[in-house]
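Inspection log for the structure reproduced underneath, given as C-alpha cells.
Protein chains: 4
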Amino acid sequence: MDRKLRYGMVGGGPGAFIGAVHRKAIALEENAVLTAGCFSSKLEKNLECGNAYNIEKDRVYADYKVMAEEEGKRKDKIDFVCVVTPNSTHYEICKAFLLAGINVLCEKPLCFTIEQAKELSALTKEKNLYFGVCYTYSGYPMVKLAKKLVEDGEIGNVINVNAEYLQDWLIDEIGGGDQSTTKLSVWRTDPEKSGISNCVGDIGTHIENTVAYITGLHPKKVSAVLDSYGMELDLNANMLVEYENGVHGVYSCSQVCAGHLNGLAVRIFGSKGAIEWVQEDPNYLRVTKKGQPVQIYHRGTGYVTGRAAELNHIPSGHPEGLVFAVANIYHSFMNAICNKLDGKENTKDDLDFPSVDDGVEGVCFVHASVKSSQNHAAWTELL
Amino acid sequence: MDRKLRYGMVGGGPGAFIGAVHRKAIALEENAVLTAGCFSSKLEKNLECGNAYNIEKDRVYADYKVMAEEEGKRKDKIDFVCVVTPNSTHYEICKAFLLAGINVLCEKPLCFTIEQAKELSALTKEKNLYFGVCYTYSGYPMVKLAKKLVEDGEIGNVINVNAEYLQDWLIDEIGGGDQSTTKLSVWRTDPEKSGISNCVGDIGTHIENTVAYITGLHPKKVSAVLDSYGMELDLNANMLVEYENGVHGVYSCSQVCAGHLNGLAVRIFGSKGAIEWVQEDPNYLRVTKKGQPVQIYHRGTGYVTGRAAELNHIPSGHPEGLVFAVANIYHSFMNAICNKLDGKENTKDDLDFPSVDDGVEGVCFVHASVKSSQNHAAWTELL
Amino acid sequence: MDRKLRYGMVGGGPGAFIGAVHRKAIALEENAVLTAGCFSSKLEKNLECGNAYNIEKDRVYADYKVMAEEEGKRKDKIDFVCVVTPNSTHYEICKAFLLAGINVLCEKPLCFTIEQAKELSALTKEKNLYFGVCYTYSGYPMVKLAKKLVEDGEIGNVINVNAEYLQDWLIDEIGGGDQSTTKLSVWRTDPEKSGISNCVGDIGTHIENTVAYITGLHPKKVSAVLDSYGMELDLNANMLVEYENGVHGVYSCSQVCAGHLNGLAVRIFGSKGAIEWVQEDPNYLRVTKKGQPVQIYHRGTGYVTGRAAELNHIPSGHPEGLVFAVANIYHSFMNAICNKLDGKENTKDDLDFPSVDDGVEGVCFVHASVKSSQNHAAWTELL
Amino acid sequence: MDRKLRYGMVGGGPGAFIGAVHRKAIALEENAVLTAGCFSSKLEKNLECGNAYNIEKDRVYADYKVMAEEEGKRKDKIDFVCVVTPNSTHYEICKAFLLAGINVLCEKPLCFTIEQAKELSALTKEKNLYFGVCYTYSGYPMVKLAKKLVEDGEIGNVINVNAEYLQDWLIDEIGGGDQSTTKLSVWRTDPEKSGISNCVGDIGTHIENTVAYITGLHPKKVSAVLDSYGMELDLNANMLVEYENGVHGVYSCSQVCAGHLNGLAVRIFGSKGAIEWVQEDPNYLRVTKKGQPVQIYHRGTGYVTGRAAELNHIPSGHPEGLVFAVANIYHSFMNAICNKLDGKENTKDDLDFPSVDDGVEGVCFVHASVKSSQNHAAWTELL
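Protein chains in written order, with this note's numbering: chain A, 7 to 389; chain H, 7 to 389; chain S, 7 to 389; chain G, 7 to 389.
Quick look at the structure:
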C-alpha cells in the first residue's frame, strides 16, 4: 500500500468513544488521512472537530446528505467514509454515500430491518463498491489463526460450538438496590434507538459473526430465550443454534452477568481437536488436538503463520489490543480500495474484512432470535 | 462421631475404579470399617477381595440378595451398604437392602426409570432409612461455600445460570481416523447398560444436581438437543432450562469436546453478583460482587466459614481433590446414621448429603431431556 | 504388593494435622495397618488414640523408646514406623527405631544438625534398613513427569533454575496492626523448636529437594539473604545458588508474602525447552519446547507415561491433591519393604522415595543458607 | 491539551519496529504531528520516509546534527524530538538536541556510561528542558494503579520484592542444535553495540525502573550473577537487591528462558498485602489484602481511580496493549510541554513520565550488576 487514502467520518464528535477508536485504528495503519467529516449535529461541536482534526473548512459538513453529494462530485473525493453514528441512523447514511459512489465502513449493526439490510447489500453490488461492517473481533490475529486451523483441518470436522458474550454493565437495570441508570444504558433499552433487540443486537450478533468467520458455519435456525427482566428490550439471551449442515451449537449473551466485562469467548469443537479464543486475553489461542497436551499459541511467534502473522504489528509477548483488531479490518478494507484504484484484482484474502453481507446475516440472526423468543423458543429460520 | 460404623459393599471388585474411590473416601474419614461384601459376580475374584480387605469369610457373599437378607438379620449387621455396581443393577440391589432395613449409599444414577426411582424414594421413607446418592460434586467445600453465599444473599436473586460438563474421552466414537473404542466406551453407548441416555445420564445429571444444590433452583422444563453422531445414544447435549420460578439457564454436556477432561463448570449469576466454580480447580471459588474487583476465594482460609470450613481436611494451599469430596458426602451420611443410632435428631445441616430424592430428580431430568430432544427440542416438563 | 504391612506411629495425636495426613495417605494405599503407636505424651490422649485406631492395648506405648525396643523384639513387629513428632525430637526417635532394626519414615526436616543427619544416614546403611524423609512434593505425579522429561532430554541441558515457595501465614508476625499470633507460629520462630532456621528450614528445603529430584542438580554453594524482621528466626529468604556443574539458580521462600498460601513453584529452564510446575495446581505441568506453543500436560491422560502414569490414582480431570502425593511416597517406600521381605532386589525405580540422604542434603542446605546470610550473603558451600 | 505539537524523529526508518511503535503511540494521542526527521543514514530510505510521513522536504535531514541545529533555529521548530536509533548513538544525538534547546524523548537505555548519563541529566536541567526516557511499562494504567495502592498504604510497608523479566528469543545463542542466529540477536551480544551488558541492559533495567516507579524504592546495592554461556555478553541474570531503606528484593532477567516471550512480572509484598502485575496480561492487577480473598482488578472499571483511570483509553474488558502504554508516556510528556508553552506550572502528576534521571539510575544499575558479577557476586553499590 503505497497510496495514501483520504477518508471521511460521519459521527465521532467530542467524547464519542467509538469514533475515536476508528480514528486511532486508521492512524495505526499510517495510510489514510481524515479529510472530510460531519461529526456532530451541533454546529459548534462539528466545527471544533474539524479544527481539531486539521480538516479544511469546506469539507466540514453540517449535514451528511450534503457531505455525500458534495464529496461524491469532487475529483479529490474521499476514498471511503466511516459511519459511527447512532445505530438507528446507519441505514440512511450508508445509503446516501453508496448512492454517491463512495465506499463505506459502518459500525455494526448494519441497520434495523432485514429489508434495509438487503437493500444496502444490493446497492453495494450495483454500485460496485466496498462496504465493510465493523465486526471487530474478526480482526484479531488469533481469530484469524483459529480460522486457518479450522480450514486446514487441524481440528477435523466441526461437531459442536459453544460461544458466549457476557458483560455486566447493565446489571443495575434489573434492580438490586443502588440503581445508577446511565444515559448510555437508557438508549440501549429503547426500541426507537436500539431496534427490536438490545442484547442480541448489540453483542449476540458478534458471537454469530465471529463463529461464522472462524468456521464458515451459518445458522439455519435458532431456538432462543431472551430475558428482559421487566425492561422493554432483552438484557440476556440463551439460544440453541442449528447450522446449515445440521451441526448444533449454543450461544449465550448477556449484559447483566456480574464478573464479565467484555467476555466474548468462542469454543469450536471438532472431530480431531478443539479451539478456544477469549477476547479479554486476545493474544492467545488454546488449541487441543485429540490425545495431546493442551497447546497455548501466542500471537507473534514463529509458529504462527498465515494472515495472523501478516497482520501482526508488534513482537510477541507485547500485547496488542482491540484497536489493533479494528486497524486490521481497516488494513484489509483500505488495501482492497487501493488495489482497485491501482487496477489490481482483489483475491479472497484481500477481501478479508466483514462485508455488508455479514451485516445482513447479523440482522437476520437478530430477527430470528427475537421471533423465536416471542414464540416460546420455537425453532425459527433465518430469512 | 465417636462410633465406628460397619459397612458393606456391592461391586467394587479388582480394577473397579469407582469402588476404590468409595473405599478410599470412607478410609479418609477413619470412621467405618468394611465388614461385608459382594464384590464380584466371579467367585474367585470375590473371595480375593474379601481376603484383601480383611473381611471374615462368612460375610463375603456370592449373591447380593443373600447378603441383604443375611446382613439384615444379624445383630452386628452392617450400618450401611455402598452400591457401586453397573448402573443397570442399581435399582434391584438398592431395593433389596432397603427391604432388609439397611441404609444405602448408591452411585449415581439412582436407576433408569422414573417409576423405579420413585419406588426407591417411597421405600426409603417407609422403612425410615437413609439413602444417599453419590452426586460427588456437592461434597466439595467450595461448592458448599457457593451454596452458602447464595443463601446469604451475597449475589442477590439468581437471574441466570450457565453450567457445563465437558469431557472428551469418547471423541473416538465419532470417527476421525484412529478409532480406539474401549470396553468402557462401548457399554456407555449401549442402552441396555446405560439406560435411555449416555451423556445426559452420566454427566448432564451432575450439572442439574450441582446447580440445584447451590441455588435451590429446580428445573421445571427443558428444551434439549442431544447429538449422537450416528451412535445409539447421545454423546453431546445443549439445552435451555426453565426453573420453577421462571428464571432461565443453559446447560451443555459432552463427552466429545476435545481439550476438556472432566470439565464441570458452574456459573450462577445474580442481581448483585456472581459465582463461578470449576471442578478441575476445585479449591477456588470466583466471586464477583457488583462494582467490585473479582475475588478468588481459596479453600481453607480464615475468611471461608460455614460447612466449607467444617469439611476442610488439610490446610489452605495444599490441594484437596475428588476423593475428599466423596469423603465429605460419606462424612454427613455416616454422621446422620450415628446420630440416629445415638437417638439424636438430625438437623438440616446434618442431612447435607445428596438424597434419594435428588436421585429421583436426576432421573426425571434425564427423561425430560431425552423426550424433548426426540420431540425437536420442544419444552418438556420434568415429571 | 500382595502383602499387608504393619506400621507404627510416633506422634499424630488428636488434632495433629500432619499425623492425620500420614494415616490417610497410608489408608489410600490399602496396604498397611496401623498396629502400634505412641501418639501423645499425655497418657489419656495416647490411649484414646489407640482406641480410635483399633490398636491392641499392649501396643499402645507411653514411651517411644519402649515402643522401639518392644516392637524390635516381636515376631510380628511393625514393618516400619512413621515419625510425625515435633521437629526437635526427630533425631532421637528415628535413631531409636533404627537401632531396633525398624524401617523409618520421618517427616522433614530430618533433624537439626549436620552431624545428627549424617549419623542417621550411616546408621541406616549399617542396619540395612529403609529410611524415608517425607519431602512430599516429589510424590506428585506431575513432578515425576517433570523429572522424566528432564531425564529424557526433552528440554536439553538445564541452564537456569527459578524456584520459590511462598506462604503468608506468618505475616502477622511482622506487625501491621491486627496481631493474631497463633500457638503454631510461635514455635515456628523459636530456635529451640525450629532449629537454626524457620523459613528456609521449613519450606526452603522443599525447594532444594524438589529441584534436585527433578533435575539431579545438587547445590554446591549458596549466597543467601534471610530476613527476620526483628524476630529471632528468618521469615523470608532470597538466595542465589550454584550447582555442582556450575549452572546457577535462584530460590525464594517466605512465610510473609500475602496472597500466597502454599506456593511452591518450580521452573526448570533448559537449552531446548522449559518446565513449570505449581503445587497449588498440581495436576498440570507447563512444558515449552523451543519454537513451539506452550503445552499444558494434564495428569492421568494417555500421553503421560512412566512413573507419573503408574502412580496415578483416579482418572484425568478428577483432581488429586496433597494426600495422594504422600500416598505415592508411601507406595514406593512400602513396596521396597515388601520386595525386601520377599527377597526381591529393589531397582532404582523401586526406591523412588526421598531417602535419608535427601534429608542430609536438606540439613546441609539450611546450614549453608543461614551461614551465608550471617556472613553478608557470602557464597557458602554445602558441607 | 488544545495545542497541536510538532515533533521530529531520529531513526525509525522503514522496517524499524520501535520507531513505528513511537509514531503509532503519538498518533493515538491525536496531539502531535510528525514535522521533521532524520530517519535513516541511507539517503534514499530517508527521503522515502519523509515522503511517506508527509514531511516537507526541507525538514527531512540527512544528518541528525544538521537537524538539531536547523530545527533549533526555526521559529516553527519541533517541540520535541523522538530518538529511536541504535543504543550506541543515543548519547550524542540526545546531547545535540539538548544543546539546540529541543525537548527529547529517547528510547532506553539512555546511554552506555554513567558519565554520559550524568552529563545528559545536567544538560537537561541547565537548558531547562524536558527529557523523557521510554521505560514503557510505567505507562500501563495498572502499573499506575499499583503505584497508587502502594502510596495509599493499601499493602502497608514494602517488605520484599520479587520481580522478573524473562524472554526466550536468544535461546538459540546457547546452542541446542538448530542454530538460527538472527541479525538482531548478533548485535545484542556485541559490546560495541550493546554496551557492557546485553540482558541486564536491555530488560533487567526495566525491572529496576518498574519496581522503583511503583514502590519508590531505589537499589542501594546488588549481588548479581550474570550468565553468558560462552557468549561475549550476558544472556541471563539473577540478583539480590538491597534498597536504600534496607529492604531486600530479588530480580531475574533472561533472554534464554523457554516459554517466556516478554515476561515482565512484578510482585510487591507489603506488611498488609501484596500486588502482582504481569506485562503479558497488562489489563489486570492482582491485589491481596491480608486475610481476604485474592482480588483481581480490571482496567477501566469504576473502582479503578486516579491516574489509572485518567489514562484509560477504551472501555474495560476491551484490551489495551503496549502501544497505549507508550502513548500514555507521550501523553504526560507532551502535556508537560504544552503547559510550559502555556506558561502553566507542571505538578508532580503532570510530570508522570520516566525522566532522564530514571535513565541515569538505569545506567548505574547496569554497571553495578556487571561489576558485581565480575567480582563473584559481591555486593556492589550503585554509583
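A virtual CB, placed ideally from N, CA and C, is assigned to each residue, including glycine. None of these values were measured; they are calculated from a predicted model.
Chain-order list of residues whose beta-carbon lies under 6 Å from that of residue i (same chain, five-residue window excluded)
i               : result
A169 of chain G : I213, V217, Y257 and V272
A6 of chain G   : In this structure chain G extends from 7 to 389, so residue 6 of chain G is not present and cannot be described.
S186 of chain G : Confidence at S186 of chain G is low in this model, with a pLDDT of 48, below 50, so its placement is unreliable and no value can be given for it.
L223 of chain S : Y249
Per DSSP, the bridge partner or partners of residue i
i               : result
A58 of chain S  : Beta-bridge pairing links A58 of chain S to no other residue.
N321 of chain A : First, the residue type needs correcting, since residue 321 of chain A is Pro and not Asn in the sequence shown. Bridge partners of P321 of chain A: none, in fact.
F137 of chain G : G:V110
F275 of chain G : G:N166 and G:A280
V89 of chain G  : G:V16 and G:C112
C44 of chain H  : H:V16
Close Cβ partners of residue i (< 7 Å) along its chain, the five nearest in sequence each way excluded
i               : result
V211 of chain H : Correcting the residue type first, residue 211 of chain H is Thr in the shown sequence and not Val. K114, P115, G368, F371 and V372, listed in sequence order.
P321 of chain A : G306
I84 of chain H  : R12, Y13, G14, T41, A42, E77 and I108
H337 of chain A : E35 and L317
Residue i versus residue j - alpha carbon distance
i               : j               : result
D174 of chain S : R12 of chain S  : 38 Å
F23 of chain S  : R9 of chain H   : 21 Å
K101 of chain A : L246 of chain H : 39 Å
E98 of chain A  : M148 of chain A : 34 Å
G56 of chain G  : G276 of chain G : 51 Å
V110 of chain A : G25 of chain A  : 15 Å
A42 of chain H  : A152 of chain A : 56 Å
N381 of chain A : G323 of chain S : 40 Å
G182 of chain G : D358 of chain S : Residue placement at G182 of chain G is poorly supported in this model, since its pLDDT is 49, which falls under 50; the coordinates still yield a value, given next. Straight-line Cα distance between these residues: approximately 30 Å.
N215 of chain S : C88 of chain H  : 41 Å
N289 of chain A : E326 of chain A : 7 Å
Residue range of the alpha helix (DSSP H) that includes residue i
i               : result
E157 of chain S : P147 to E157
K30 of chain H  : F23 to E35
C370 of chain S : V362 to Q380
R313 of chain A : R313 to E316
S200 of chain S : P197 to S200
G265 of chain S : Where G265 of chain S is concerned, there is no enclosing alpha helix (DSSP H), given that its DSSP letter is neither H nor E.
Close Cβ partners of residue i (< 8 Å) along its chain, the five nearest in sequence each way excluded
i               : result
D184 of chain A : Only weak support is given to the placement of D184 of chain A: the predicted model assigns it a pLDDT of 45, under 50, and the question is left unresolved by the model.
K295 of chain S : E160, I161, K278, G279 and Q301
K133 of chain A : L104, L105 and G107
Extent of the continuous beta strand (DSSP E) to which residue i belongs
i               : result
H304 of chain H : V300 to H304
N163 of chain G : Taken as a continuous stretch (DSSP letters only), N163 of chain G belongs to no beta strand (DSSP E), as it is neither H nor E.
L105 of chain G : Taken as a continuous stretch (DSSP letters only), L105 of chain G belongs to no beta strand (DSSP E), being part of the alpha helix (DSSP H) at H96 to L105.
E248 of chain H : N242 to Y249
K295 of chain H : Y290 to K295
Legend entry - the region 259–271 of chain G: positions lying closer than 7 Å to chain S by Cβ: S260, V262, C263, A264 and G265
Inset, instruction - Could you run through the region 367–387 of chain G and flag, in chain order, every residue whose CB is less than 8 Å away from some CB of chain S? - result: From the region 367–387 of chain G, only H382, A383 and W385 have a Cβ closer than 8 Å to chain S.
Inset, instruction - Note down, in chain order, all residues in the region 296–316 of chain S with a beta-carbon under 8 Å from any beta-carbon belonging to chain A. - result: G297, Q298, P299, V300, Q301, I302, Y303, H304, T307, G308 and Y309
Inset, instruction - Please name the residues in the region 91–124 of chain A whose beta-carbon is closer than 8 Å to at least one beta-carbon of chain G, in chain order. - result: none
Inset, instruction - Below 8 Å between beta carbons is the criterion; list the residues of the region 320–340 of chain G that meet it against any residue of chain A, in chain order. - result: I320, P321, S322, G323, H324, P325, E326, G327, L328, V329 and F330
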